[in-house]
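Numbering (the UniProt record's numbering), first residue to last: 1 to 235. For each residue, glycine too, the CB sits at the ideal point set by N, CA and C. Because the structure is a prediction, the values reported are computed rather than measured.
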């Protein structure tokens, strides 16, 4: 088990390194050395620490067919502008939220206000094309779930994966207003739906469940990352 005490209220587990995004910028982002395979199911989990009023973009996956194949995009409120085409099927709210997008314009809006307290939190979003089921966990507790979300859909492989920015073209088209500011750690993607006990185990540091998608290590894409030494090993 690899854990790091990060504050008086949480422990970060199952983490090899942390990435600091010093500001929401078109220059602060991370890419990967491999792409994704086609996915009929997925579980996406990470630790994050945010001190700003909203989360910004955590993940963007773009292909030649769509620059919004898979996105976790945060914004301040439901009245804020969104890069996606239609209203969320989730209930509107004035609270800060996170849009879970599978091929724009279809997305669900997830509430994230409890995560914006400058402490470390663990977030997991899970989806299955069978019945279009999705689940959203905050700190291993189920926060929301639903069905008929991209039922029968397949997320295509071969695209570009970016953390910290929203792609408007494959590997680029970044907007500072859509960037993430804060810290991320323990990002992993699985090719199946994790069970509730597996999600809890990931948070507690009880190993890594099977089915992790191999997209290799983080590639720091801009000079500002190396200048600010933003990769920190967890001990």
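Helix, strand or coil at residue i [DSSP, three-state]
i	result
residue 204	helix
residue 199	helix
residue 115	helix
residue 54	coil
residue 27	coil
residue 44	strand
residue 74	strand
residue 15	coil
residue 49	strand
residue 142	strand
7 Å Cβ shell around residue i - same chain, five flanking residues per side excluded
i	result
residue 157	35, 36, 37, 38
residue 204	13
Beta strand (DSSP E) segment containing residue i, residue limits
i	result
residue 134	133-138
residue 99	97-102
residue 66	Per DSSP, residue 66 belongs to no beta strand (DSSP E) and is neither H nor E.
CB-CB length for residue i against residue j, believed under 8 Å
i	j	result
residue 110	residue 144	6 Å
Neighbourhood of residue i by C-beta, 6 Å cutoff - its chain only, sequence neighbours within 5 removed
i	result
residue 71	60, 101
residue 141	none
residue 192	41, 211
residue 146	134
Other residues of its chain near residue i: CB distance less than 8 Å, five sequence neighbours each side excluded
i	result
residue 215	32, 33, 34, 35, 36, 161, 189
residue 74	54, 55, 56, 57, 58, 96, 97, 98, 99, 112, 180
residue 138	112, 114, 115, 121, 122, 123
residue 150	102, 103, 106, 127, 129, 132
3 or more residues per run - each beta strand (DSSP E) lying fully within the segment 146-185: Listed in chain order, the complete beta strand (DSSP E) runs (minimum 3 residues) inside the segment 146-185 are 160-163.
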